[in-house]
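Enquirer:
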Amino acid sequence: MRKVIWSLVSVAALAMAGCNSSSSPQQAPGKADDGAAATAAPQAGNKVTGQITLREPAQLSPQAKLEISLVDVSAASAGTTADATATPSAAPAPLATKTISPVGAFPVSFELEFNPADVNPNNLYVVKANLVDGDRTYEMPLQAPVLTKGASNQVSIQLVAQQTPAEKDLAAFEDLKKQIGGMKIKSGTKLEKDASRGWQVFRKDGQVQFIREQVDYGDKGFTETDYAYKTGKAWVAVQQKKSSKDAKPNATERVSWDVDGKPVLKQVVSGGKTSDLSDDEAASLKGQAEAILKLAGK
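Numbering-wise, the sequence shown is residues -28 to -1, 1 to 270 according to mature numbering (1 follows the signal peptide of the UniProt record, and there is no 0).
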């Protein structure tokens, strides 16, 4: 009986010791939560990664250059609601930049390393990508936010080809040509030693906007040319060269000039192929545009 009683007492003592041991390392609820939160908090990264694609496949030249940067655009975003009379502040320097040339094949993967201490969690950061290949640029139609405000460190960017300056001129020229039916028209003719010339002049608000000219050189051929003007200066000329008036064009020359008179577009289409027009031929077409304006624009 004594042994049984002693065993029960021992068991009770051990049980109490166990309770004291299990409760001793416990901390206050607040401290326990703080420790869990600290463990679960994500560590700040120092890289932004992503992939860049083209909306439409394109054959790039070896000179193509792709520029990628990590930028703080908070000031620009705030500027849209700021006082219009306020002096704009200088844009902050990019947190990271990278240039890839030659570009190679798409898709292109990239990695930008930055200093996490430079990131303000209240600011807005985006990855900007710009591809330049000669006169052609490829731009982002949508922003690519990263790092803050719920954005991740990974992005997928799509670039879209923009019109070249020459393509913009031709598109604007075609738009103008559609409007000439609503302009004031004056016709004229002139018989020369080696050619018969006829034209139509289209004016808007008293200014010559467009001239359509036909020149019959007899056995030497026939030309039909559309000229467009800006502020009294030659802007675009498109000339079709034919063997006769009713024949199909054997060549079409296209030239446009900037405000300083320098060629933007110099192009000839012949036999289904497009090639560069020579400087002399472009200069000749400009001379024709100025001559007909002087003759028919009076």
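Positions of the beta carbon are idealized from the N, C-alpha and C atoms, including for glycine.
Return the bridge partner residues of Ala101 from the DSSP annotation.
Expert: Against the sequence shown, residue 101 aligns to sequence position 129. Partner(s): Ile40.
Enquirer: The alpha helix (DSSP H) spanning Asp230 covers which residue range?
Expert: Along the sequence shown, read from residue 1 onward, the residue named residue 230 stands at position 258. Neither: Asp230 is in no alpha helix (DSSP H) and is coded neither H nor E.
Enquirer: Judging by CA-CA distance, which residue of Val118, Lys238, Lys100 and Leu119 is the nearest neighbour of Gly141?
Expert: Reading the sequence shown from its first residue, position 169 is the one you call residue 141. Just to set this straight, residue 141 is Asp in the shown sequence, not Gly. Nearest of Val118, Lys238, Lys100 and Leu119 to Asp141, Cα basis: Lys238.
Enquirer: Where does Phe78 sit, in a helix, a strand or coil, going by DSSP?
Expert: The sequence position of residue 78 within the sequence shown is 106, counting from 1. Phe78: coil per DSSP, three-state reduction.
Enquirer: Taking the alpha-carbon of Ala223 as reference, which of Gly153, Phe174, Asp252 and Val241 has the nearest alpha-carbon?
Expert: Sequence index remark: in the sequence shown, residue 223 carries index 251 (1-based). It is Val241 whose Cα lies nearest to the Cα of Ala223.
Enquirer: If you draw a straight line from the alpha carbon of Gln115 to that of Trp207, how long is it in whole angstroms?
Expert: Against the sequence shown, residue 115 aligns to sequence position 143. Against the sequence shown, residue 207 aligns to sequence position 235. Roughly 35 Å separates the two Cα atoms.
Enquirer: Can you give me the C-alpha to C-alpha distance between Arg184 and Ser250, rounded to a whole angstrom?
Expert: As a first step, residue 184 must be located in the sequence shown, where it is residue number 212. As a first step, residue 250 must be located in the sequence shown, where it is residue number 278. About 23 Å.
Enquirer: Compare the beta carbon distance of Asp107 and Ala143 with 8 Å and say whether it is the shorter of the two.
Expert: In the sequence shown, the residue the question calls residue 107 occupies position 135. In the sequence shown, the residue the question calls residue 143 occupies position 171. No; because the gap between Cβ atoms is not below 8 Å, this pair is not in contact.
Enquirer: Check this for me: beta carbons of Lys100 and Thr71, under 8 Å apart or not?
Expert: As a first step, residue 100 must be located in the sequence shown, where it is residue number 128. As a first step, residue 71 must be located in the sequence shown, where it is residue number 99. No.
Enquirer: Around the C-beta of Asp44, are 16 or more other C-beta atoms found within 10 angstroms, so that it is buried, or is it exposed?
Expert: Working through the sequence shown from its first residue, we reach residue 44 at position 72. Buried: at least 16 other Cβ atoms inside 10 Å.
Enquirer: List, from N- to C-terminal side, the beta strand (DSSP E) runs of 3 residues or more that fit wholly inside the segment 197 to 268.
Expert: 205 to 214, 223 to 229, 235 to 242 and 245 to 248, all fully within the segment 197 to 268.
Enquirer: What would DSSP say about Asp191, mapped onto helix, strand or coil?
Expert: Locating residue 191 in the sequence shown gives position 219, where the first residue counts as 1. Helix.
Enquirer: Please confirm whether Gln130 and Arg27 have their CB atoms less than 8 Å apart.
Expert: Here residue 130 is taken as the residue at index 158 of the sequence shown, counted from 1. Here residue 27 is taken as the residue at index 55 of the sequence shown, counted from 1. Cβ distance < 8 Å, so Gln130 and Arg27 count as in contact.
Enquirer: Can you tell me which of Asn95, Pro113 and Lys149 puts its alpha carbon nearest to the alpha carbon of Thr197?
Expert: To locate residue 197, count along the sequence shown from 1; it is residue 225. It is Lys149 whose Cα lies nearest to the Cα of Thr197.
Enquirer: Quick one: Cα of Val173 to Cα of Pro64, how far?
Expert: Position 201 of the sequence shown, counted from the first residue, corresponds to residue 173. Position 92 of the sequence shown, counted from the first residue, corresponds to residue 64. So the alpha carbons of these two residues sit roughly 53 Å apart.
Enquirer: Which class does Lys165 belong to by DSSP, given the choice of helix, strand or coil?
Expert: Sequence index remark: in the sequence shown, residue 165 carries index 193 (1-based). Residue state, collapsed to three classes: coil.
Enquirer: Exposed or buried, what is Ala89 when buried is set at 16 or more other beta-carbons lying within 10 Å of its beta-carbon?
Expert: Taking the sequence shown and counting its residues from 1, the one referred to as residue 89 is at position 117. Looking at its Cβ environment, which holds fewer than 16 other Cβ atoms inside 10 Å, Ala89 is exposed.
Enquirer: Excluding the 5 residues flanking Tyr110 on each side, which residues of the same chain have their C-beta closer than 6 Å to its C-beta?
Expert: Residue 110 sits at position 138 when you count from the first residue of the sequence shown. Here the set comprises Leu103, Leu131 and Ala133.
Enquirer: Between Thr21 and Ile40, which are expected to be in contact by the criterion C-beta below 8 Å, what is the C-beta distance as a whole number of angstroms?
Expert: Start at 1 with the first residue of the sequence shown, and residue 21 comes out as number 49. Start at 1 with the first residue of the sequence shown, and residue 40 comes out as number 68. That pair is no contact at about 11 Å.
Enquirer: Is DSSP giving Gly178 helix, strand or coil here?
Expert: Translated into positions along the sequence shown, residue 178 becomes position 206. Coil at Gly178, not helix or strand.
Enquirer: Measuring only the C-alpha atoms, how far is Pro79 from Lys176?
Expert: Taking the first residue of the sequence shown as 1, we reach residue 79 at position 107. Taking the first residue of the sequence shown as 1, we reach residue 176 at position 204. So the two alpha carbons sit approximately 49 Å from each other.
Enquirer: Taking the straight line between their C-alpha atoms, what separation do you get for Trp171 and Val236?
Expert: Along the sequence shown, one-based indexing puts residue 171 at 199. Along the sequence shown, one-based indexing puts residue 236 at 264. Taking the straight line joining both Cα atoms gives about 26 Å.
Enquirer: Report buried or exposed for Ala254, applying the criterion of at least 16 other Cβ atoms within 10 angstroms of its Cβ.
Expert: As a working mapping, residue 254 is identified with position 282 in the sequence shown. Ala254 should be labelled buried.
Enquirer: State the beta-bridge partners of Ile129 as determined by DSSP.
Expert: As a working note, residue 129 is residue 157 in the sequence shown. Looking at the DSSP assignment, Ile129 forms a beta bridge with Ile24.
Enquirer: Could you please give the first and the last residue of the uninterrupted alpha helix (DSSP H) stretch that includes Lys121?
Expert: For the purposes of this step, residue 121 is taken as residue 149 along the sequence shown, with counting starting at 1. Premise fails: Lys121 is in no alpha helix (DSSP H) and is neither H nor E.
Enquirer: What three-state label does DSSP hand Ala143 in the structure shown?
Expert: For this step, residue 143 is matched to residue 171 along the sequence shown. Helix.
Enquirer: Whole angstroms is fine: what's the gap from Gln211's alpha carbon to Lys258's?
Expert: Numbered from its first residue, the sequence shown carries residue 211 at position 239. Numbered from its first residue, the sequence shown carries residue 258 at position 286. So the alpha carbons of these two residues sit roughly 11 Å apart.
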